[in-house]
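Structure record follows, encoded as structure tokens.
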Amino acid sequence: MTYTVEAAFPTPDGRFERRPVALNDPGPEDVLVRLVASGVCHTDLVTAADPVVPGQILGHEGAGVVEAVGEAVSGVEPGDHVVLSYAWCGMCPACENGRMAYCADFLQLNYLGARLLGQGSFATFTVTTERNVIRVPDDLALEVLAPLGCGVQTGAGAVLNVLRPEPGSSLAVFALGAVGLSAVMAARIAGCERIVAVDPNPARRALALELGATEAVDPSDAPFNAMDHAVECVGYPDVVRAAVKSLAAPGQCVTVGFQGRKNPVELDQRHLMNGRGIRGSIEGDAIPQRFIPELIEHHRAGRLPLDRLVTTFAFADINAAVDAARSGQAVKPVLIF
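Using the numbering used here, the letters of the sequence shown correspond one by one to residues 963 to 1299.
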């Protein structure tokens, strides 16, 4: 059977246009999901501006309801509420060692826009795989849970999975979008004593203080230093350098910001002396099937108030959602289907 669904496609002027597209029945290992919500991620906007493959259906923070499953699928069934996250092959050395975010086929599965694409959640329905779906409680709003699939997972995972700060330590977060604010909340969960939130937007700084930051700093202010940890969430070279400079010796910086396929960053090697270090992270080093349920428990307990990040838009208003993301008016725009 072939379904006709509505999907949003990027246009050369950076906008999106909705048009019908044909979708086949799920194969033996596939899952057909009716999308209820999908977050708009910065990566979607970067990819729309510099498409790898023309005609991609973007969107990788989907949440919805399982409509049908292939005969080999056993982990979910029709009617289950699910969050969609990144795809991984399950067979390469990284996957076999529990490092799914570094799957040998990650680029092909999640970025190149071929049939193997993990989601394509800017559409009313999507066919994905069992590895992409995480069953979630049906008493929680899917528009609140959708950003767990990428942005929240990335920011919180950079803190809780990669840096693993000791209680009482210090941590700075540079750039306070959904990823950065998730890192702020995760730092509070981890018991950091000093949490410095850095962003030029005063509204974002104010929100960071409400979500757990102990200080909020405009990047044009006098620099601060001696931080045990830093999370860099935008990828601008000057911000990466500032994050490294903020570290004590030894201190560790994780960079998760994304600025497209080419983004050279020059660092002064002196700032890496005395044990300072920097590393990249994809998806907060998370295994979604394990980490997303943990984040949901933090949300239920009030430690991760995801609803404070979300602004909803009808799917028909996708360009308004994109504008709100680009301007900073909305922390996490979420499309509602």
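Glycine residues also receive a C-beta, built at the ideal position from the N, C-alpha and C atoms. Computed from a prediction, not measured in an experiment: that's the story for all the values here.
Whether residue i touches residue j by CB criterion (8 Å)
{"i": "A1283", "j": "F1275", "result": "yes"}
{"i": "A969", "j": "R980", "result": "yes"}
{"i": "V1202", "j": "V1227", "result": "yes"}
{"i": "V993", "j": "F1087", "result": "no"}
{"i": "A1303", "j": "N1236", "result": "No information on residue 1303 is available, as it lies outside the stretch 963 to 1299 that the chain covers here."}
{"i": "A1184", "j": "A1134", "result": "no"}
{"i": "N1163", "j": "L1143", "result": "no"}
{"i": "V1044", "j": "R1097", "result": "yes"}
Helix, strand or coil at residue i according to DSSP, with G and I counted as helix
{"i": "C1112", "result": "coil"}
{"i": "G1258", "result": "According to the sequence shown, residue 1258 is Ile rather than Gly. Three-state result, I1258: helix."}
{"i": "F1253", "result": "helix"}
{"i": "I1019", "result": "coil"}
{"i": "Y1198", "result": "coil"}
{"i": "V1038", "result": "coil"}
{"i": "R996", "result": "strand"}
{"i": "L1229", "result": "coil"}
{"i": "M1189", "result": "strand"}
{"i": "L1297", "result": "strand"}
{"i": "P1055", "result": "helix"}
{"i": "F949", "result": "Outside the displayed range of the chain (963 to 1299) lies residue 949, so it cannot be described from this structure."}
{"i": "R1238", "result": "coil"}
{"i": "R1270", "result": "helix"}
Limits of the beta strand (DSSP E) - the one that residue i falls within
{"i": "N986", "result": "F978 to N986"}
{"i": "I1244", "result": "I1244 -> no beta strand (DSSP E), and no H or E assigned at all."}
{"i": "A1030", "result": "G1024 to V1031"}
{"i": "P972", "result": "T964 to P972"}
{"i": "F1087", "result": "F1087 to T1091"}
Residue from the options with nearest C-alpha to residue i
{"i": "V1141", "options": "D1161, S1132, M1062 and S1131", "result": "D1161"}
{"i": "F1068", "options": "L1125, R1093, R1150 and V1045", "result": "R1093"}
{"i": "V1008", "options": "Q1221, P1055, L1268 and G1290", "result": "Q1221"}
{"i": "V1218", "options": "A1211, Y1198, G1237 and Q1231", "result": "Y1198"}
{"i": "A1120", "options": "V967, V1044, G1242 and D1180", "result": "G1242"}
{"i": "N1072", "options": "S1047, A1056 and E1058", "result": "S1047"}
{"i": "G1117", "options": "A1085, Q1070 and V1146", "result": "V1146"}
{"i": "P1109", "options": "V1002, P972, I1249 and F971", "result": "V1002"}
{"i": "A1265", "options": "R1150, A1175 and A1168", "result": "Here residue 1265 is Arg; the residue named in the question, Ala, does not match the sequence. Checked all of R1150, A1175 and A1168; the closest Cα to R1265 is R1150."}
{"i": "T1273", "options": "S1000, V1089 and D987", "result": "S1000"}
{"i": "V1216", "options": "N1225, E1245 and E1155", "result": "E1245"}
{"i": "R1270", "options": "A1188, S1036, E1105 and I1280", "result": "E1105"}
{"i": "Q1018", "options": "A1030, V1044 and Q1081", "result": "Q1081"}
{"i": "D1279", "options": "L1297, G1174 and L1234", "result": "L1297"}
Bounding residues of the alpha helix (DSSP H) (the contiguous stretch that carries residue i)
{"i": "F1068", "result": "F1068 to N1072"}
{"i": "H1043", "result": "H1043 -> not in any alpha helix (DSSP H); beta strand (DSSP E) instead, spanning H1043 to L1046."}
{"i": "D1006", "result": "H1004 to A1011"}
{"i": "A1104", "result": "Correcting the residue identity first, residue 1104 is Leu in this sequence and not Ala. Note, L1104: alpha helix (DSSP H), L1104 to L1107."}
{"i": "R1288", "result": "I1280 to S1289"}
To test your reading of the DSSP string, which unbroken alpha helix (DSSP H) runs of 4 or more residues are found completely within the stretch 1114 to 1182?
Runs of the alpha helix (DSSP H) inside the stretch 1114 to 1182: 1140 to 1152 and 1164 to 1173.
Jot down the residue ranges of each uninterrupted beta strand (DSSP E) in the stretch 1202 to 1227, minimum 3 residues, whole runs only, in chain order.
1209 to 1217
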